[in-house]
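Undergrad: This is the structure I have questions about; it appears just below.
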Amino acid sequence: MTMVAILSGAGISTDSGIPDYRGPDGLWRRDPGAERLVTYGPYMADPEIRRRSWRMRLDGPVLRAEPNVAHRAIAAFERSGHALRVVTQNVDGLHQAAGVPERKVLELHGSARSVVCTACHARSSMAQALDRVRGGEDDPACRVCGGILKSATVMFGQRLDPKVLGDAMGIAKAAEVFLAVGTSLQVQPAASLAGLAAEHGARLIIVNAEPTPYDRLADEVVREPIGTALPALLERLR
Numbered sequence: 016m017t018m019v020a021i022l023s024g025a026g027i028s029t030d031s032g033i034p035d036y037r038g039p040d041g042l043w044r045r046d047p048g049a050e051r052l053v054t055y056g057p058y059m060a061d062p063e064i065r066r067r068s069w070r071m072r073l074d075g076p077v078l079r080a081e082p083n084v085a086h087r088a089i090a091a092f093e094r095s096g097h098a099l100r101v102v103t104q105n106v107d108g109l110h111q112a113a114g115v116p117e118r119k120v121l122e123l124h125g126s127a128r129s130v131v132c133t134a135c136h137a138r139s140s141m142a143q144a145l146d147r148v149r150g151g152e153d154d155p156a157c158r159v160c161g162g163i164l165k166s167a168t169v170m171f172g173q174r175l176d177p178k179v180l181g182d183a184m185g186i187a188k189a190a191e192v193f194l195a196v197g198t199s200l201q202v203q204p205a206a207s208l209a210g211l212a213a214e215h216g217a218r219l220i221i222v223n224a225e226p227t228p229y230d231r232l233a234d235e236v237v238r239e240p241i242g243t244a245l246p247a248l249l250e251r252l253r
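Residue numbers for the sequence shown follow the numbering used here, so the first one is 16 and each next one is one higher.
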């Protein structure tokens, strides 16, 4: 059975109403200051940055988003019995919501659906934290130790969990087909997974609206919209 690995980026979730960051209409181009709200140093040092960050989460689309046709096509591919692993740069949890088993999804950058204490590492749900914000706590503290809470995501300025990265590299090396979907392949070390897969003999297919640094290594580059291109591509792989 062919081992298929999918590296998904922000572009796969735009049809679910979650904007990307680096695309032509990405969040960072429209509001460069927003990047500070998810950068670890400023977030930890400045209470006002934290307050703005919580307000941004309160109004954000992630917890309201639903899986789109691309997420559902991946879940259907997995249910059909194919060997599949999903490595995602996204923090929205939409692969799991679409039906891909938790054990087959590796979240490189963590999850926006949880919060973690930066002091004692206690975890709780993002929904609970946002309820506290709605209740008047503009910078809610950890209820266990009083420490600073943040989303359970890898912020800019933080390193990926070495074990998670190691697992992702193992998946890339083992893949016979490696699909990079909706990712600019510019953020390292995640982007290097495409090259690693190609080096180990995988057929590399890139589905992205804009050129990427790894296009020259790809066996196939698809520029069509993900919502139509990915279901057709997965049907062909069956």
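Ideal placement from N, C-alpha and C gives every residue a C-beta, glycine not left out. Keep in mind that this is a model prediction, so the values were computed, not measured.
Counting only runs that start and end within the region 74-110, where is the alpha helix (DSSP H) found for 4 or more residues in a row?
TA: Listed in chain order, they are 84-94.
Undergrad: Quick one: Cα of V148 to Cα of S68, how far?
TA: Here residue 148 corresponds to residue number 133 of the sequence shown, with the count starting at 1. Here residue 68 corresponds to residue number 53 of the sequence shown, with the count starting at 1. Distance between the alpha carbons of V148 and S68 is about 11 angstroms.
Undergrad: State yes or no: is the C-beta of G197 within less than 8 angstroms of the C-beta of V222?
TA: Counting from 1 along the sequence shown, the entry for residue 197 is found at position 182. Counting from 1 along the sequence shown, the entry for residue 222 is found at position 207. Against a cut-off of 8 angstroms, the Cβ pair of V222 and G197 comes out as a contact.
Undergrad: Helix, strand or coil, according to DSSP, for L219 in the structure here?
TA: One-based indexing of the sequence shown puts residue 219 at position 204. Here L219 sits in strand by DSSP.
Undergrad: Which residue comes first and which comes last in the beta strand (DSSP E) that contains K165?
TA: Locating residue 165 in the sequence shown gives position 150, where the first residue counts as 1. First-last of the beta strand (DSSP E) with K165: 164-168.
Undergrad: Going by beta carbon distance, what residues of the same chain come within less than 7 angstroms of D182, once the five residues before and after it are set aside?
TA: Position 167 of the sequence shown, counting from 1, holds the residue named residue 182. L121, listed in sequence order.
Undergrad: Where does the unbroken alpha helix (DSSP H) through A248 begin, and where does it stop?
TA: The residue given as residue 248 occupies position 233 in the sequence shown. A small fix is needed here, since residue 248 is Leu in this sequence, not Ala. That run of the alpha helix (DSSP H) goes 241-252.
Undergrad: Per DSSP, what kind of secondary structure is A238 in: helix, strand or coil?
TA: For the purposes of this step, residue 238 is identified with residue 223 of the sequence shown, where counting begins at 1. Looking at the sequence itself, residue 238 is Arg, so the reference to Ala does not match. R238 falls in the coil class under three-state DSSP.
Undergrad: Apart from the five residues on each side of it in sequence, which residues of its chain come closer than 6 angstroms, Cβ to Cβ, to A90?
TA: Here the question's residue 90 lines up with position 75 in the sequence shown. Correct list, in chain order: A113, G114, V115.
Undergrad: Near G216, what residues of its chain come up, given a Cβ to Cβ distance below 8 angstroms and the 5 sequence neighbours on each side ignored?
TA: Walking along the sequence shown from the start, residue 216 turns up at place 201. Same-chain partners within the cutoff: E191.
Undergrad: Report yes or no: do three or more beta-carbon pairs, one from the region 148-157 and one from the region 91-102, lie closer than 8 angstroms?
TA: No, they do not touch.
Undergrad: Measure the alpha-carbon distance for V19 versus G125 and round it to whole angstroms.
TA: On the sequence shown, residue 19 is found 4 positions in, with the first residue counted as 1. On the sequence shown, residue 125 is found 110 positions in, with the first residue counted as 1. Distance between the alpha carbons of V19 and G125 is about 22 angstroms.
Undergrad: Kindly indicate if chain C contains any beta-carbon less than 8 angstroms away from that of A144.
TA: You won't find chain C in this structure, because it holds only one protein chain.
Undergrad: Could you tell me the boundaries of the beta strand (DSSP E) in which R128 lies?
TA: Looking up residue 128 in the sequence shown gives position 113. Taken as a continuous stretch (DSSP letters only), the beta strand (DSSP E) holding R128 covers 125-132.
Undergrad: Who are the near neighbours of G24 in its chain, counting only those whose CB is closer than 6 angstroms to its CB and skipping five residues on each side?
TA: Working through the sequence shown from its first residue, we reach residue 24 at position 9. Contacts found: Q104, G197, T198.
Undergrad: Might you give, ordered along the chain, the residues of its own chain that have their beta carbon closer than 7 angstroms to the beta carbon of A189, omitting 5 neighbours on each side?
TA: Here residue 189 refers to the residue found at position 174 when the sequence shown is read from its first residue. Cβ neighbours of A189 beyond the five flanking positions: M18.
Undergrad: According to DSSP, simplified to helix, strand and coil, what is I33?
TA: Position 18 of the sequence shown, counted from the start, is the residue given in the question as residue 33. Of the three classes helix, strand and coil, the one that applies to I33 here is coil, per DSSP.
Undergrad: What does the Cβ neighbour count give for C157, buried or exposed, with the cut at 16 atoms within 10 Å?
TA: Looking up residue 157 in the sequence shown gives position 142. When all chains shown are included, C157 counts as buried.
Undergrad: Compute the Euclidean distance between the alpha carbons of E81 and D146, then round it to the nearest angstrom.
TA: One-based indexing of the sequence shown puts residue 81 at position 66. One-based indexing of the sequence shown puts residue 146 at position 131. Looking at the two C-alpha atoms, the distance is approximately 20 angstroms.
Undergrad: Determine the burial state of P76: buried for a count of at least 16 other Cβ atoms within 10 Å of its Cβ, exposed for fewer.
TA: Position 61 of the sequence shown holds residue 76. It counts as exposed.
Undergrad: For a test of the three-state rule: what should DSSP assign to L194, helix, strand or coil?
TA: The residue you call residue 194 lines up with position 179 of the sequence shown. L194 falls in the strand class under three-state DSSP.
Undergrad: For M71, does the three-state DSSP call read helix, strand or coil?
TA: Counting from one through the sequence shown, the residue named residue 71 turns up at place 56. Correct three-state label for M71: helix.
Undergrad: Would you give the residue range spanned by the beta strand (DSSP E) that M141 belongs to?
TA: On the sequence shown, residue 141 is found 126 positions in, with the first residue counted as 1. That residue, M141, is in no beta strand (DSSP E); its alpha helix (DSSP H) goes 141-149.
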